[in-house]
Ligand code: HEC
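Numbering (the numbering used here), first residue to last: 97 to 330.
Below, the structure written as C-alpha cells:
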C-alpha cells in the first residue's frame with residue numbers, strides 16, 4: 097500500500113471508531129446534567145414498583161394539566177367526557193402490557209394530531225390560564241434527565257424562574273414529599289424508556305447491523321481484488 101493509502105485507511109478507521117465511541121460509549125457533546133439526583137432518590141427512580149405508584153401520583157397531581165400520550169394518560173377533563181372511551185377505542189392503538197402469560201390493554205395511544213384536534217378546547221383553556229400549553233411528558237425524561245426533573249417538580253420556580261408550573265409538593269408540611277416526587281420521576285422514566293426486553297432486542301439489532309456491514313465490506317474487498325487481478329491491474 098502506498099503512503100497515501102495508509103493515511104487514507106488510518107483516517108477512515110479513526111473516523112469510524114470515533115463515531116461508534118461517541119454513540120455507544122461516551123458522548124462529550126451530550127447535555128451535561130447540572131442537577132444531581134440525591135442518593136436516597138436514586139433507588140426509587142430505578143425501581144419498577146415505584147414507577148407504578150408514581151403513575152397513580154401523577155394521575156392525581158399532574159394530569160389536570162399534563163398528558164403522557166405514550167402511556168395512554170390524558171387530561172382529566174378529557175377522561176370525564178362521556179364519549180372519551182369510545183373515541184379512544186375508535187381512533188387509538190391499544191397499549192399492551194404483559195404480565196407473565198396475561199396480556200392487558202393498559203390504555204390507548206392517540207397520534208399527536210388526533211389528540212390535539214380532539215383536546216383543542218381543553219388545551220386552549222390551559223393556555224389561557226398558564227400562558228402556554230403544559231407539554232406532553234411522554235419523553236421529557238429523555239430530554240431532561242432524572243436530576244433535573246426531581247428538582248423541577250419539587251420546586252419549579254427555583255429551576256425555571258418565572259415558570260407558570262405550580263409547586264405541588266411541600267416538604268415543610270408533607271414528610272413524604274421527596275419520596276412522592278422520586279416516584280413520579282420513576283414513572284416518567286419508565287414511560288420514556290423501552291422495556292428491558294425491547295432494549296435487549298435493539299442492542300442485538302445494532303450488533304447484527306454493524307456485523308453485516310463489516311462482513312459485506314470484507315467480502316466486497318476480496319471480490320474487488322479478484323476482479324482487478326482478472327483484469328491484470330493488481
Ligand atoms: C396547574 C397546571 C399544572 C400542573 C397541575 C402541573 N404542571 Fe407541569 N407544567 C405546567 C406548565 C404551564 C408548564 C410549562 C412551564 C414553562 O415552560 O414555563 C409545565 C411544565 C412542566 C415540565 C417541563 C419543564 C421543562 O423544563 O420543560 C415538567 C417536567 C412538568 N411540568 C412536570 C409536572 C409534574 C410531574 C406534575 C405533577 C406533579 C405537573 N407538572 C403538574 C403546568 C402544570
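Just so it is clear, CB atoms sit at the ideal spot from N, CA and C, and this is done for glycine as well.
Report task. Express the C-alpha separation of residue 237 and residue 212 in angstroms, rounding to a whole number. Result -> 21 angstroms
Report task. Entirely within the stretch 246-321 and at least 4 residues each: give me those alpha helix (DSSP H) ranges in chain order. Result -> 252-255, 273-288
**Report entry** Inter-residue spacing [alpha-carbon to alpha-carbon] between residue 321 and residue 330
**Finding:** Rounded to whole angstroms, the gap between the alpha carbons of residue 321 and residue 330 is 7 angstroms.
Report task. Name the one or two DSSP bridge partners that residue 327 has. Result -> DSSP output for residue 327 lists no bridge partner at all.
Query raised in the report: Does the distance from the CB of residue 132 to the CB of residue 243 come in under 8 angstroms?
Result: For residue 132 and residue 243, yes; Cβs fall inside 8 angstroms.
Query - Between the CA atoms of residue 249 and residue 264 - distance to the nearest angstrom - result: 8 angstroms
Query raised in the report: Can the beta-carbon of residue 234 be found closer than 8 angstroms to that of residue 281?
Result: no
Query raised in the report: Does at least one heavy atom of the ligand HEC sit under 7 angstroms from the Cβ of residue 231?
Result: Under cutoff, so the answer is yes.
Query raised in the report: Taking 7 angstroms as the line, does the beta carbon of residue 240 fall inside it for any heavy atom of the ligand HEC?
Result: yes
Query raised in the report: Thinking C-beta only, is residue 204 closer than 8 angstroms to residue 190?
Result: yes
Report task. Please confirm if residue 319 has its CB atom under 8 angstroms from at least one CB of chain B. Result -> In summary, chain B is missing from the structure at hand, where a single protein chain is found.
Query raised in the report: Is residue 173 near the ligand HEC, in the sense that its beta carbon is under 7 angstroms from a heavy atom of that ligand?
Result: no
Query raised in the report: What number of angstroms, rounded off, separates the C-alpha of residue 223 from the C-alpha of residue 260?
Result: 10 angstroms
**Report entry** Cβ-heavy atom distance, residue 280 to the ligand HEC, below 7 angstroms
**Finding:** yes
**Report entry** Proximity test, residue 275 beta-carbon vs the ligand ZN heavy atom, cut-off 7 angstroms
**Finding:** Summarising the ligand content, the structure contains the ligand HEC and does not contain the ligand ZN.
Query raised in the report: Any heavy atom of the ligand HEC within a distance shorter than 7 angstroms of the CB on residue 262?
Result: Within the cutoff, so yes.
Requested in this report: Could you spell out the range, first to last residue, of the alpha helix (DSSP H) harbouring residue 149?
Outcome: Taken as a continuous stretch (DSSP letters only), the alpha helix (DSSP H) holding residue 149 covers 144-157.
Query - Reduced DSSP secondary structure (H/G/I, E/B, other) of residue 203 - result: Reduced to three states, the DSSP call for residue 203 is strand.
Query raised in the report: If you scan the stretch 172-226 from start to end, which runs of the beta strand (DSSP E) of 3 or more residues do you find wholly inside it?
Result: 189-195, 198-205
Requested in this report: Give a single yes or no on whether residue 286 has its beta carbon closer than 7 angstroms to a heavy atom of the ligand HEC.
Outcome: Of the heavy atoms belonging to the ligand HEC, none sits nearer than 7 angstroms to the Cβ of residue 286.
Query raised in the report: Comparing the CB of residue 347 with every heavy atom of the ligand HEC, is any distance shorter than 7 angstroms?
Result: In the structure as shown, the chain starts at 97 and stops at 330, and residue 347 therefore has no counterpart that could be examined.
Report task. With distances taken Cα to Cα, identify the nearest neighbour of residue 187 among 134, 208, 202. Result -> 208
Query - Beta-bridge pairing of residue 97 - partner residues as DSSP gives them - result: Residue 97 pairs with nothing; no bridge assigned.
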